[in-house]
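For the sequence shown, my numbering begins at 97 and goes up steadily by one.
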Amino acid sequence: MFFNQKYFFQASFITMVIGFGMNLNASEVSQNEKNIEKVVTQSFKPLIDEYGVAGMAIGVIYNGKSYEKYYGVRSKDTNESVNSQTLFELGSLSKTFTAISGTYANNQGKISFNDHPSKYVPALKNSEIDKVNLLELLTYTSGSLPLQFPDNIKTDKQILEYFKNWKVKNPPGTYREYSNPSIGLFGYLTAKSMNVPFSSLLEKTVFPQLNLKHTYVNVPEAQKTNYAFGYDENNKPIRVNPGPLSDEAYGVKSTLPDMLKFVNSNLNVDTNSPAMKKAILDTHKGYFKVSDSGMTQALGWEMFSYPTTSEILQASNSKQILLGSNP
């Protein structure tokens, strides 16, 4: 999450082990920068203890300077400590990179947000999914694509058949329903327009232009010892399972220093190349005001007028907003 003088931005993401870009105001962090560590410890140590979090990395950007704090281990088996090289799964924060790949492709003339899927996948012509444009896929306003694919959808052929047979429930552009298949298809179509696999689009185009040197879709062999494990309710080590369009929806892994760079790229867009500056700024535009939640759906980000309140943020993360269909 981050904020500028006008808006507060958050990305929905599912991970227990990384916090970054803390929204700390001047009353919470004094002018004495040494107090930052104290505030971080007071805020997060109780959560670590209560939920038995194996490891956590926390980043703060304050007065233009980045601070890092590490707790615990990246693997209970090896007992290796979390550090600046530890790779965490970003979960749905990955969607912000999918959005940037799309705005970048749009600005390069490779796609238009008014395009429909069959332009890139002709087999989808005359299907109901082809009534949906790329912007509606990116803003979860397709007309009722679900949160996840059904469990029996696994192969590329099954994904294609699923979209060919999908039936729209609401007119596209009228209801927001948070959906991995929706943004997943958007990312897939964007990569098709660039004639590369989606992972290559991020790893060879987007990440290098953001100067993210330790951010991956596919973790290299040499980095796998740095790849943190999560732990389930039975204390068994787990990592994200590959699934249909998972790279596009929740597949990115990164380090805390790289994520602080990414937050800074959003806060200080002039530090980017002209092409990446425009791509990032375009993801900050709001497109769909969600009911009475106070939240506006931007591209990859969820946007709130700043200053906002904890009540508004809690309402925007309610079960209805996360799992329901909202006008």
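Glycine included, each C-beta is placed from N, C-alpha and C at the ideal position.
If you draw a straight line from the alpha carbon of GLN138 to that of ASN131, how long is it in whole angstroms? On the sequence shown, residue 138 is found 42 positions in, with the first residue counted as 1. On the sequence shown, residue 131 is found 35 positions in, with the first residue counted as 1. Roughly 11 Å separates the two Cα atoms.
Mind checking which residues open and close the beta strand (DSSP E) that includes GLY151? Counting from one through the sequence shown, the residue named residue 151 turns up at place 55. It spans 151-158 - the beta strand (DSSP E) in which GLY151 sits, taken as one unbroken run.
Should MET250 and ALA345 be called a contact, given that it needs their Cβ atoms to be closer than 8 Å? Locating residue 250 in the sequence shown gives position 154, counting from the first residue. Locating residue 345 in the sequence shown gives position 249, counting from the first residue. One detail in the question is off: residue 250 reads as Lys in this sequence, not Met. Not closer than 8 Å, so no.
As assigned by DSSP and simplified to three states, the class of GLN181: Along the sequence shown, read from residue 1 onward, the residue named residue 181 stands at position 85. Coil.
Own chain, CB closer than 6 Å to GLY396, minus 5 neighbours either side, in chain order: By one-based count along the sequence shown, residue 396 stands at place 300. Same-chain partners within the cutoff: LYS191, THR192, ALA195 and THR379.
Cβ-based burial, LYS332 [other Cβ within 10 Å; buried from 16]: Along the sequence shown, one-based indexing puts residue 332 at 236. Exposed, because fewer than 16 other Cβ atoms sit within 10 Å of the Cβ of LYS332.
Which partner residues does ARG272 have in the DSSP bridge list? Looking up residue 272 in the sequence shown gives position 176. According to DSSP, which records beta bridges pairwise, ARG272 is partnered with ASN422.
Could you give the DSSP three-state label for VAL169: helix, strand or coil? Mapped onto the sequence shown, residue 169 falls at position 73. Strand at VAL169.
Is it right to say ILE334 is buried, meaning 16 or more other beta carbons lie within 10 angstroms of its own, or is it exposed? Taking the sequence shown and counting its residues from 1, the one referred to as residue 334 is at position 238. Its Cβ having fewer than 16 others within 10 Å, ILE334 is exposed.
Take ASN368 as the anchor and find which of LYS215, ILE157, PHE400 and VAL302 has the nearest alpha-carbon. Walking along the sequence shown from the start, residue 368 turns up at place 272. Taking only the C-alpha atoms, the option nearest ASN368 is VAL302.
Taking only three categories from DSSP, how would you classify GLN416? Here residue 416 refers to the residue found at position 320 when the sequence shown is read from its first residue. GLN416 falls in the helix class under three-state DSSP.
Tell me, please, which residues DSSP counts as bridged to PRO333. Along the sequence shown, one-based indexing puts residue 333 at 237. TYR327.
Pairwise C-alpha distance: THR311 and GLY420: As a working mapping, residue 420 is identified with position 324 in the sequence shown. As a working mapping, residue 311 is identified with position 215 in the sequence shown. Spanning the two alpha carbons is a distance of roughly 32 Å.
Please return the same chain residues whose Cβ sits closer than 7 Å to the Cβ of ILE376, not counting the five positions on each side in sequence. Counting from 1 along the sequence shown, the entry for residue 376 is found at position 280. Excluding residues within five positions, the ones whose Cβ falls inside 7 Å are ILE196, SER361, ASN362, VAL365 and ASN368.
Pull the bridge partners of LYS221 from the DSSP assignment, please. Within the sequence shown, numbered from 1, the residue matching residue 221 stands at position 125. Paired residue(s): none; LYS221 is not in a bridge.
Alpha carbons only, please: which of THR235, MET290, LEU306 and PRO267 is nearest the one belonging to PRO277? Locating residue 277 in the sequence shown gives position 181, counting from the first residue. The candidate whose alpha carbon is nearest that of PRO277 is THR235.
So, do the stretch 290-305 and the stretch 195-215 have three or more beta carbon pairs nearer to each other than 8 Å? yes
Nearest-angstrom Cα separation, counted from ILE157 out to VAL169: As a working note, residue 169 is residue 73 in the sequence shown. As a working note, residue 157 is residue 61 in the sequence shown. Their Cα atoms are separated by approximately 23 Å.
Who are the Cβ neighbours of TYR392 in its own chain at under 8 Å, not counting the five residues just before and after it? Numbered from its first residue, the sequence shown carries residue 392 at position 296. In the sequence as displayed, the identity of residue 392 is Thr instead of Tyr. Counting only Cβ-Cβ distances below 8 Å, and skipping sequence neighbours, we find GLY382, TYR383, PHE384, LYS385, VAL386, GLU398, MET399 and PHE400.
How many whole angstroms separate the CB atoms of LYS183 and LYS357, which I take to be in contact at a CB cut-off of 8 Å? Sequence index remark: in the sequence shown, residue 183 carries index 87 (1-based). Sequence index remark: in the sequence shown, residue 357 carries index 261 (1-based). Per the sequence presented here, residue 183 reads as Leu, with Lys not at that position. With 8 Å as the limit, LEU183 and LYS357 do not qualify as a contact, their Cβ atoms being about 15 Å apart.
If you compare alpha carbons, which of GLU329, GLN319 and GLY347 is closest to LEU298? Indexing the sequence shown from 1 puts residue 298 at position 202. With distances taken between Cα atoms, LEU298 lies closest to GLY347.
Does the beta-carbon of ASP343 have 16 or more other beta-carbons within 10 angstroms, so that it is buried, or is it exposed? Position 247 of the sequence shown, counted from the first residue, corresponds to residue 343. Flag for ASP343 reads buried.
By the three-class DSSP mapping on this structure, what secondary structure does VAL386 have? Here residue 386 refers to the residue found at position 290 when the sequence shown is read from its first residue. Strand, per DSSP.
Per DSSP, what kind of secondary structure is LYS349 in: helix, strand or coil? Counting from 1 along the sequence shown, the entry for residue 349 is found at position 253. Reduced to three states, the DSSP call for LYS349 is strand.
When DSSP labels each residue in this structure, what does THR60 get in the three-state scheme? Here the chain comprises residues numbered 97 to 423, so residue 60 is not present and cannot be evaluated.
I need the DSSP call for TYR147, collapsed to helix, strand or coil. One-based indexing of the sequence shown puts residue 147 at position 51. If DSSP states are grouped into helix, strand and coil, TYR147 belongs with the helices.
By the 10 Å Cβ neighbour count, where 16 or more other Cβ atoms means buried, how is VAL125 classified, buried or exposed? Translated into positions along the sequence shown, residue 125 becomes position 29. Confidence is the limiting factor: at VAL125 the pLDDT is only 48, short of 50, which leaves the residue's position unreliable and the question unanswerable from this model.
Given this structure, state the Cα-to-Cα distance separating ILE144 from ALA324, to the nearest angstrom. Counting from 1 along the sequence shown, the entry for residue 144 is found at position 48. Counting from 1 along the sequence shown, the entry for residue 324 is found at position 228. When rounded, the distance between both Cα atoms is 16 Å.
On the CB-based measure, 16 or more other CB atoms within 10 Å of its CB, does GLY148 come out buried or exposed? Along the sequence shown, read from residue 1 onward, the residue named residue 148 stands at position 52. Exposed.
Looking only at its own chain, which residues have a Cβ that is under 6 Å from the Cβ of VAL264, when we skip the five neighbours before and after it? In the sequence shown, counting from the first residue as 1, residue 264 sits at position 168. GLU224 and GLY239.
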